[in-house]
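Residue numbers (full-length UniProt numbering), protein chains in the order written: chain A, 1 to 659; chain B, 1 to 184.
Beta carbons are placed, not taken as given, at the ideal position from N, Cα and C, and that holds for glycine.
From a predicted model like this one, the values you see are computed outputs, not experimental measurements.
Here's the structure we're looking at; comments come further down.
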Amino acid sequence: MTAELGLAALWLAAALAGLQLLAGALALAGRGTSLAGIVRPVAVVQGVLALVAFLCLIAVFAETDLSVKLVAMNSHSLKPLVFKIAGAWGNHEGSMLLWVTVMGMAGGVVALVERRLPEPTILATLAGQAFVSLGFYAFLLIASNPFERLFPVPEEGNGLNPLLQDLGLAFHPPTLYLGYVGLSVAFSFAIGALVTRQVGPAFARAMRPWVLGAWIFLTLGITAGSYWAYYELGWGGWWFWDPVENASLMPWLAATALLHSVSVLAARDALRAWTVMLGVVAFSMSMIGTFLVRSGILTSVHAFAVDPQRGSFILALLAINIGGALTLFALRAGTVTEGERFALVSREGALVFNNVMLSAILGIVLFGTLYPLVAEAMGAKVSVGPPYFNPMGALFAVPMLVVLAIGPMLRWRRDSFPRIGRQLVIPAMLVGAGLIAMVAIGGVGILPTLGFALALGLGWASVLPLKGRNLRRTPLPVWGMVIAHFGIAVSLLGMSCESAFSVEKLVAIKTGDATGVGPWQIKLDAVQPMAGPNWTALEARLLVRYGDHGKVVQIDPQSRSFWAPPQQTSESALLTRWNGQLYAVLGGEADDGRWQLRLWWKPFVPLIWLGGVLIALGGLLALIGRVASDLRRIFAREKIAYRRGRMADLERAQSEDPS
Amino acid sequence: MNAQSRTKAPAWAIWLPLVLFVGFVALVTIGLYRPADRAVGSTLVGKPMPAFVLPAALPDRPGLRSADIASGKPHLVNIFASWCIPCRVEAPQLGALARAGVAIEGISVRDSSEALNGFLKENGDPYQRIGADDDGKVQLALGSSGVPETYVIDGKGVIRYQHIGEIRPEHVPMILEKLREASQ
Numbered sequence: 001m002t003a004e005l006g007l008a009a010l011w012l013a014a015a016l017a018g019l020q021l022l023a024g025a026l027a028l029a030g031r032g033t034s035l036a037g038i039v040r041p042v043a044v045v046q047g048v049l050a051l052v053a054f055l056c057l058i059a060v061f062a063e064t065d066l067s068v069k070l071v072a073m074n075s076h077s078l079k080p081l082v083f084k085i086a087g088a089w090g091n092h093e094g095s096m097l098l099w100v101t102v103m104g105m106a107g108g109v110v111a112l113v114e115r116r117l118p119e120p121t122i123l124a125t126l127a128g129q130a131f132v133s134l135g136f137y138a139f140l141l142i143a144s145n146p147f148e149r150l151f152p153v154p155e156e157g158n159g160l161n162p163l164l165q166d167l168g169l170a171f172h173p174p175t176l177y178l179g180y181v182g183l184s185v186a187f188s189f190a191i192g193a194l195v196t197r198q199v200g201p202a203f204a205r206a207m208r209p210w211v212l213g214a215w216i217f218l219t220l221g222i223t224a225g226s227y228w229a230y231y232e233l234g235w236g237g238w239w240f241w242d243p244v245e246n247a248s249l250m251p252w253l254a255a256t257a258l259l260h261s262v263s264v265l266a267a268r269d270a271l272r273a274w275t276v277m278l279g280v281v282a283f284s285m286s287m288i289g290t291f292l293v294r295s296g297i298l299t300s301v302h303a304f305a306v307d308p309q310r311g312s313f314i315l316a317l318l319a320i321n322i323g324g325a326l327t328l329f330a331l332r333a334g335t336v337t338e339g340e341r342f343a344l345v346s347r348e349g350a351l352v353f354n355n356v357m358l359s360a361i362l363g364i365v366l367f368g369t370l371y372p373l374v375a376e377a378m379g380a381k382v383s384v385g386p387p388y389f390n391p392m393g394a395l396f397a398v399p400m401l402v403v404l405a406i407g408p409m410l411r412w413r414r415d416s417f418p419r420i421g422r423q424l425v426i427p428a429m430l431v432g433a434g435l436i437a438m439v440a441i442g443g444v445g446i447l448p449t450l451g452f453a454l455a456l457g458l459g460w461a462s463v464l465p466l467k468g469r470n471l472r473r474t475p476l477p478v479w480g481m482v483i484a485h486f487g488i489a490v491s492l493l494g495m496s497c498e499s500a501f502s503v504e505k506l507v508a509i510k511t512g513d514a515t516g517v518g519p520w521q522i523k524l525d526a527v528q529p530m531a532g533p534n535w536t537a538l539e540a541r542l543l544v545r546y547g548d549h550g551k552v553v554q555i556d557p558q559s560r561s562f563w564a565p566p567q568q569t570s571e572s573a574l575l576t577r578w579n580g581q582l583y584a585v586l587g588g589e590a591d592d593g594r595w596q597l598r599l600w601w602k603p604f605v606p607l608i609w610l611g612g613v614l615i616a617l618g619g620l621l622a623l624i625g626r627v628a629s630d631l632r633r634i635f636a637r638e639k640i641a642y643r644r645g646r647m648a649d650l651e652r653a654q655s656e657d658p659s
Numbered sequence: 001m002n003a004q005s006r007t008k009a010p011a012w013a014i015w016l017p018l019v020l021f022v023g024f025v026a027l028v029t030i031g032l033y034r035p036a037d038r039a040v041g042s043t044l045v046g047k048p049m050p051a052f053v054l055p056a057a058l059p060d061r062p063g064l065r066s067a068d069i070a071s072g073k074p075h076l077v078n079i080f081a082s083w084c085i086p087c088r089v090e091a092p093q094l095g096a097l098a099r100a101g102v103a104i105e106g107i108s109v110r111d112s113s114e115a116l117n118g119f120l121k122e123n124g125d126p127y128q129r130i131g132a133d134d135d136g137k138v139q140l141a142l143g144s145s146g147v148p149e150t151y152v153i154d155g156k157g158v159i160r161y162q163h164i165g166e167i168r169p170e171h172v173p174m175i176l177e178k179l180r181e182a183s184q
């Protein structure tokens, strides 16, 4: 019953999306102006219905209703409740439903609150949003109905990939999805602005909170995903340039560029066409990423996870949406009027430079991700990895980081280096000191050396915009910028240290034996079996000590076997200290009773994710600041309007007063 | 990028993103529709299968031992379950292979005999023997990580081919060819 309710809500939502598109388009074409009035309410109801459908899906997963095919395929009665619920979106159909739900709700919010833009632009935006949604509704209802029933009802479900039975990962995909979908709103705004040719500061201010919000979620999603790969895969690495990771990184790069160009447009009314272009590109990257992951075109996963029909469907959606938007852009960009001018050495100049650098890195990642396909089309099988991505990315990342350190100190419109030169002395000296230190240590690669030195300089430079300001009166967006840029330096420092100073050791020892890695002394105390709700495991008890006099601490890496579906995973044990992390993985048992242990000492590695969190926090502060000032402006305007109305009433009353 | 200049981007630059995008779509369309062998190759292919003895899953026919398979003629070993949906999808193809004279042995994973009976009644019954792998140990030993999977095993008990996922109609000729190769 719940499943049918959900399906009905989904059909209704799809129908309303159709109505929203039609009414919006007709009203824009000048026919049926009375239709314009229904677009906003329809968008709100559509969002609510999509939410109802999604809640129904969560309900059938929570009660493990095995007569629903999706539940039978992806869940299991023995699974802990939180993973049953997470199972609702841990699969193709459910995640697509989550996508349309968030998209519908975002459209509803735009319809409810956005009053700054001219009404035709809003109509075009909502119609664009409905157009994109409609494609996904069709995809769900035609090719991947999440509520399909199954008869006969199976006795037990198939389970969920045990790698995905992890709290962090249960909430990782929805976080990324919120980011992707937030960018869809930016995309719709870009379409709306192109249709009505209204590209200007008002457009940028309307779009900015959505870009910021999406960017925050993407940042958190990538940070969490990287940490998950780090501790769950048990390989000790934190970024693998895997297509799935790249699929999340590319929208982030585009969104970062968009975020900055939107600020230029809002503050200075420059970069009009470029901002619109990035709005289209950012969402395109989300869709391309989703396509690459979902179609299985790049990752050779289990054969039945790949469905050519699904791949074709997403490809068709992608071709229509992005192809259409780019065509519209090409037709209209020439007629969008020019923005303001600015000098090369200015805040805008620095932002433009970094926009170009970010776009170049985006191009490099996209090319590297797609290159195996290009090669395959020519008959060769290749895989592209860190030897390509790291140096090529650094080629553009290094100049970008230098400009990132300087840019925030420059003035808008026009500035000169001599004016800010003195402030840059200390950061430059820090960079020099970092370079010298790394060369003195010796044996450190060129990228970690550069990264370390730049991180020191950027860390100092990033807080300079606060200099000379009254900290209490500093606007939140400035705080946000400073914290986010500082977060980049923190993360970069972590990456460089991890790469330069990590120590790795692979040993096979008996219980009772001792070994060591870096400054740590490690004793294998015991290996014992463990049982969880849907897994069994071998757990090693390691007694570890930092240096000769440290306190003895126990850590317990596991080798887990899940039985539904059968799969082995290794649960690494992490011990975090202020200056790094000890990372232990339990391998198999050798014939003579010795156990394989893989140990790493990774100095300052947690800084990578701490930096990620700081970047997101900076975004959050900026978002709060922007939304608060927007709200203040709205209230002020309403107050004025109210007063004017009162005055007019009074005057009318006075003039009509016969006495 | 000379930001000082007021000149507009040349007309071709405005079309460039679209052109690049069309190239991308063309590329992935080729990638999507090219018949590529995406199956994950098991390291067990070319090696003798591990020895096992499985009890009968149904009262009406024997269970499955590895010795039954290494009996001089190639066999198809199908790992399946009544609760597995792709197994329903591949049942007609297994039926066709059985009618073509292929010896098909079944390993049913985590199943009950009632559910299994119902499954065979509904979807057809191509199996000579069915072994009950109640804890999935034999499945794992064969290097299989899901259902359905199908192995071509030659008369000496060497695994010649592993098919991951359901056998679709277009796979049947290929499976027959693998069996023919295995009999040589």
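Residue from the options whose Cα sits closest to the Cα of residue i
{"i": "K602(A)", "options": "I624(A), A616(A), S502(A), L81(A)", "result": "S502(A)"}
{"i": "D60(B)", "options": "P173(B), Y127(B), K156(B)", "result": "Y127(B)"}
{"i": "L19(A)", "options": "H485(A), L35(A), L249(A)", "result": "L35(A)"}
{"i": "P55(B)", "options": "L44(B), D134(B), R99(B), L94(B)", "result": "D134(B)"}
{"i": "K69(A)", "options": "A88(A), L78(A), V52(A)", "result": "A88(A)"}
{"i": "E504(A)", "options": "M495(A), L476(A), W600(A), G516(A)", "result": "W600(A)"}
{"i": "P448(A)", "options": "P391(A), A484(A), I406(A), G407(A)", "result": "P391(A)"}
{"i": "M207(A)", "options": "V44(A), F61(A), S188(A), I436(A)", "result": "S188(A)"}
{"i": "F136(A)", "options": "E93(A), E156(A), A3(A)", "result": "E93(A)"}
Coarse secondary structure for residue i, derived from DSSP in three states
{"i": "P48(B)", "result": "strand"}
{"i": "M207(A)", "result": "helix"}
{"i": "H163(B)", "result": "strand"}
{"i": "N470(A)", "result": "coil"}
{"i": "W535(A)", "result": "strand"}
{"i": "R294(A)", "result": "helix"}
{"i": "Y127(B)", "result": "coil"}
{"i": "R88(B)", "result": "helix"}
{"i": "P603(A)", "result": "strand"}
{"i": "P529(A)", "result": "strand"}
{"i": "L66(A)", "result": "coil"}
{"i": "H171(B)", "result": "helix"}
{"i": "R632(A)", "result": "helix"}
{"i": "V384(A)", "result": "coil"}
{"i": "H76(A)", "result": "coil"}
{"i": "E651(A)", "result": "helix"}
{"i": "residue 678(A)", "result": "Because chain A here runs from 1 to 659, residue 678(A) falls outside it and cannot be looked at."}
{"i": "W460(A)", "result": "helix"}
{"i": "D37(B)", "result": "Confidence in D37(B) is poor, its pLDDT being 49 and thus under 50, which makes the residue's placement unreliable; the coordinate value appears in the next sentence. Here D37(B) sits in coil by DSSP."}
{"i": "H75(B)", "result": "strand"}
Cβ of residue i within 7 angstroms of any chain A Cβ
{"i": "A67(B)", "result": "no"}
{"i": "V25(B)", "result": "yes"}
{"i": "I79(B)", "result": "no"}
{"i": "residue 185(B)", "result": "Nothing about residue 185(B) can be read from this structure; chain B reaches only from 1 to 184."}
{"i": "L18(B)", "result": "yes"}
Nearest-angstrom beta carbon gap, residue j and residue i [assumed within contact, 8 angstroms]
{"i": "P146(A)", "j": "L57(A)", "result": "6 angstroms"}
Any chain B beta carbon closer than 7 angstroms to residue i
{"i": "E651(A)", "result": "no"}
{"i": "E114(A)", "result": "no"}
{"i": "V154(A)", "result": "Reading the sequence as shown, one finds Pro at residue 154(A) and not Val. True, the Cβ-Cβ gap to chain B drops below 7 angstroms."}
{"i": "G311(A)", "result": "yes"}
Quick check: the region 200-219 of chain A against the region 352-360 of chain A, are at least 3 beta-carbon pairs closer than 8 angstroms? no
Is there contact between the region 409-416 of chain A and the region 448-460 of chain A, where contact requires at least three CB pairs shorter than 8 angstroms? no
Can you find at least 3 beta carbon pairs, one from the region 129-149 of chain B and one from the region 101-111 of chain B, that sit closer than 8 angstroms? yes
For the region 81-88 of chain B against the region 43-54 of chain B, do three or more pairs of beta-carbon atoms, one drawn from each stretch, fall closer than 8 angstroms, so that the two count as touching? no
Segment contact flag, the region 267-282 of chain A with the region 327-347 of chain A, C-beta cutoff 8 angstroms, min 3 pairs: Counting Cβ pairs under 8 angstroms, three or more are found: they touch.
Three or more C-beta pairs below 8 angstroms linking the region 635-644 of chain A and the region 542-559 of chain A: They do not touch, by the three-pair rule.
Any contact of the region 579-593 of chain A with the region 458-472 of chain A, i.e. 3+ C-beta pairs under 8 angstroms? no
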